[in-house]
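Top line first, the protein sequences correspond to chains A and B. My numbering applies: residue 2 is where the first sequence begins, and numbers increase by one. My numbering applies: residue 739 is where the second sequence begins, and numbers increase by one. For each residue, glycine too, the CB sits at the ideal point set by N, CA and C.
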Amino acid sequence: MKIGLVGAGFIGCVHLDAYTKIPEAQVVGVADVRFENAVAAAETSGSTAYRSYEELVAGEDVDVVDICLPTIFHREVALKAAREGKYVILEKPIARSLEDAEVILEAFSDNPERLFVGHVVRFFPEYARLKNLIDEGALGEVGVIRTSRKSPFLSGWNDWYADWRSSGGPIVDLLIHDFDFLRWSFGEVERVYARNALGRQYGRLDYALVTLRFASGAIAHVEGHWGYPAPFCYAVEVAGSRALVTIDSTRYSPLMVLVADGDGEDGSESPERQVGKSPYQSELEHFLACARTGQEPAVSGEDACEALRIGLAAAQSAASGKPVNLR
Amino acid sequence: MKPRAGIVSFAHLHAHDYASALGDLSGLAEFVGITDDNPSRGREAAERYRVRFFEDAKKLFEETEAVIVCSENSKHLRDVSAALEGGVHVLCEKPIATTTDDARAMIEASRRANLQLRIAFPVRYTPAVRQAKQVIESGEIGRIIAVNGTNHGKIPGGWFLEPEASGGGAVMDHTVHVADLLRWMLGTEVQSVYAEIGTFFGDGEIDDGAILTLELENGTFSTIDPSWSRGAGYPTWGDLTLQIVGTRGVISVDAFAPSLTVFNHDTSSTEFLSTGEDMNRLMLEDFLSGVRKGAPAGASAEDGLRTLEVALAAYRSGRDHEPKHARKNSA
């Protein structure tokens, strides 16, 4: 399949690296408004650099458009690609507003199988295994869930992560991973309450603590940190009546490589050294297989929209200091 | 002079921790005896710790300068008042009481008697917490934005599950520990509380899982997870953790982090053991030296009342699904 990558920033390069390991994936072009980034990325993938989506699809025969742009630009490019009959891989969150998300879903309403949203956490082996355990009933009735996701502050185009209006901060951009996983695992959310640092301390730092109440009665505590002074990490704890299950990325290290005089490991949104196949590769393989076979993808556009709905409710609660009812 | 000390009631299992610690502190205090409204429980404990059992609590008060009250939460007012009337200083197990009226009456009784009433918040004495407080005060991590706190445990049995005796479940039992640390470490008060509360893990009806969100007067926000979410198979009793997030850094406290892991072949089970200084012993040392010097040490009864207010506000919020002022009568 011929892939056009739009956006050669942080996540675009992660995708690009994963594509090099997928034999059926052929990246034919990379577009980025920062042309030097497009050139560098095109070089590593043996493809052609472009300045924009329009130039890319004019110059190349593209089956799949992989959109890794700042969230606020998702709508515009996704709509163009939909009109042109492309398969679209859209990085999470699906959009910055519910209105944008709904417009995107509408654009794919005749061909919903052509839209994939990159909720990659579902493809992390430990999260997938945890979901299996929950579905098998190994945990019994689930009561309290705790999740944690911490990342150094990311530098993006125009410092867009630091702009609440563009990114939604860690509540919308980072915790959307957990909101999707939690909804996938425990069903619909009834009520959301959240606090964060916005309006108290700011700069390139935000910290959020979110409480979700599910229709099932379960309670989730969701922690998110941008500006964490250590490498990216995540954790989950699910307490059920029959079992307590934990995931802690800082305690799982099947391989460590220590090099004298080397640079210390820098933080980034994904672990520097991946053991085995990366979840990004699994995710993209799955999406490409769905595009090829017409199989229904693991994450629907509606799922992505619902995760955003939870994230925006959390942001609203954090701003108002009041709980937000979703149902 | 070495103060003579006693224990009132072994209803709360922490009485055993205090009894062992008193035994270790023989240089500092004399462990005289035990009284208990359940005489067979009291006699058994007296035998175990080789001290006298006092059928009549007043007799114990006559022979001591200080007692530790470990009765059911709802009996704290009765037992603390009796001890104060008996002329002894009191260290009372947390929570101070099950209602703010009881707590205020206890504070008033201690003022009237001019005797110390302190509350058992031993976690203040764990080395990790003490050092974290110093780091906060040094300004090394900047201003404190938020704290993510947990005090997990296993479901207890007996009166802990009876609201008339305990005043509530996990929220009543565990919230106060973290709330006390927040107030003590940050030097501020809790303004309001939001809570989601449920019953998940046991057979009973009492709350055993919850998430509280606190707004503090200094602008810091915090969550507390007081859940009894650790099952029988969990390798230790529970935890007390704090993620303290500042503008320039993070302090991560795991007060009882296991330093040893025991894989037991016979029982096919795993056990976490934590080591280090005994917080109960340090707390009793502080309390007893305060009694000796006439200079009250450790957490005050007012600290006990403030933390009880947090737990009670959580129950009100859990019912109404809105943030509640920690002080019921404030606007």
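Q: On the DSSP bridge assignment, give the partners of F951 of chain B in chain order.
A: It is Thr, not Phe, that sits at residue 951 of chain B in the sequence shown. DSSP lists B:Y932, B:T961 as the beta-bridge partner residues of T951 of chain B.
**Q.** The beta strand (DSSP E) enclosing C291 of chain A, as first and last residue numbers
**A.** C291 of chain A -> not in any beta strand (DSSP E); alpha helix (DSSP H) instead, spanning 280–294.
**Q.** Three-state secondary structure (DSSP) of L213 of chain A
**A.** strand
Q) Which first and last residues belong to the alpha helix (DSSP H) in which A319 of chain A is found? A) 302–321
Q: Check F939 of chain B in the structure and name its three-state DSSP category.
A: coil
Q: Identify each residue in the segment 208–224 of chain A for which the Cβ-Cβ distance to at least one residue of chain B is less than 7 Å, and report them in chain order.
A: Y208, L210, T212, R214, G218, I220, H222, E224
**Q.** Residue-level contact to chain A via CB, G936 of chain B, 8 Å cutoff
**A.** yes
Q) How many Å lie between G880 of chain B and F1001 of chain B at the Cα? A) G880 of chain B and F1001 of chain B have their alpha carbons spaced roughly 41 Å apart.
Q) If we call anything under 8 Å between Cβ atoms a contact, is M1017 of chain B one with P860 of chain B? A) In contact: M1017 of chain B and P860 of chain B (Cβ atoms closer than 8 Å).
Q) chain B beta carbons: is any one of them nearer than 8 Å to that of Y162 of chain A? A) no
Q: Would you please verify whether the beta carbon of V341 of chain A is less than 8 Å from any beta carbon of chain B?
A: Given a span of 2 to 328 for chain A in the structure shown, any question on residue 341 of chain A remains unanswerable.
Q: Could you have a look at W227 of chain A and say whether DSSP puts it in helix, strand or coil?
A: strand
Q.
Distance cutoff 8 Å, beta carbons only. Does P166 of chain A sit that close to anything in chain B?
A. One point to set straight first is that residue 166 of chain A is Arg, not Pro, in the sequence displayed. By the rule that beta-carbons nearer than 8 Å mark a contact, R166 of chain A does not touch chain B.
(Q) If you reduce the DSSP assignment to three classes, tell me which class S46 of chain A lands in. (A) helix
Q. How many whole angstroms separate the CB atoms of V991 of chain B and T999 of chain B, which I take to be in contact at a CB cut-off of 8 Å?
A. With 8 Å as the limit, V991 of chain B and T999 of chain B do not qualify as a contact, their Cβ atoms being about 20 Å apart.
(Q) Suppose the cutoff is 6 Å on Cβ atoms and the five residues either side in sequence are ignored; what does the same chain contact list for D755 of chain B look like? (A) The answer, listed in chain order, is N1018.
Q | Near-chain B residues of the segment 75–109 of chain A - C-beta to any C-beta below 8 Å | A | none
Q | Endpoints, the alpha helix (DSSP H) within which C14 of chain A is located | A | 11–20
Q) Using a beta-carbon distance below 8 Å, is D1010 of chain B in contact with chain A? A) One point to set straight first is that residue 1010 of chain B is Phe, not Asp, in the sequence displayed. Chain A, which has no Cβ nearer than 8 Å to the Cβ of F1010 of chain B, makes this no.
Q. Helix, strand or coil: how does DSSP classify N159 of chain A here?
A. helix
**Q.** Contact the segment 770–782 of chain B vs the segment 1030–1045 of chain B: 3+ CB pairs below 8 Å
**A.** no
Q) Can you give the Cα-Cα distance for V828 of chain B and R856 of chain B, rounded to whole angstroms? A) 6 Å
Q. Using the rule of at least 16 other Cβ atoms within 10 Å of the residue's Cβ for burial, across every protein chain shown, is E55 of chain A buried or exposed?
A. exposed
Q) Taking just the CA atoms, how far does R310 of chain A sit from D304 of chain A? A) Here the alpha carbon of D304 of chain A sits roughly 10 Å from the alpha carbon of R310 of chain A.
Q) Any idea what DSSP makes of S990 of chain B, helix, strand or coil? A) Reduced to three states, the DSSP call for S990 of chain B is strand.
Q.
Rounding to the nearest angstrom, what Cα-Cα distance links E114 of chain A and P298 of chain A in this structure?
A. 7 Å
Q: Return the bridge partner residues of E768 of chain B from the DSSP annotation.
A: Note: E768 of chain B sits in a beta bridge opposite B:R742.
Q) What are the start and end residues of each continuous alpha helix (DSSP H) run of 4 or more residues lying completely inside the segment 965–1014 of chain B, in chain order? A) none
Q.
So that I know if they touch, is there some Cβ in chain B lying closer than 8 Å to that of E189 of chain A?
A. no
Q. So, I90 of chain A versus F117 of chain A, is the Cβ gap smaller than 8 Å?
A. At a Cβ-Cβ threshold of 8 Å, I90 of chain A and F117 of chain A count as neighbours.
Q. Are the C-beta of G322 of chain A and some C-beta of chain B separated by less than 8 Å?
A. yes
Q: Would you mind working out which of A:S98, A:K87, A:Y88, A:A50 sits nearest T72 of chain A, comparing C-alpha positions?
A: A:S98
Q. When burial is assigned at 16 or more other CB atoms within 10 Å of the CB, is D249 of chain A buried or exposed?
A. By the Cβ-count criterion, D249 of chain A is exposed, with fewer than 16 other Cβ atoms from all chains shown falling within 10 Å of its own Cβ.
Q. Is the Cβ of I821 of chain B closer than 8 Å to any Cβ of chain A?
A. One detail in the question is off: residue 821 of chain B reads as Ala in this sequence, not Ile. It does not: the Cβ of A821 of chain B has no partner Cβ on chain A nearer than 8 Å.
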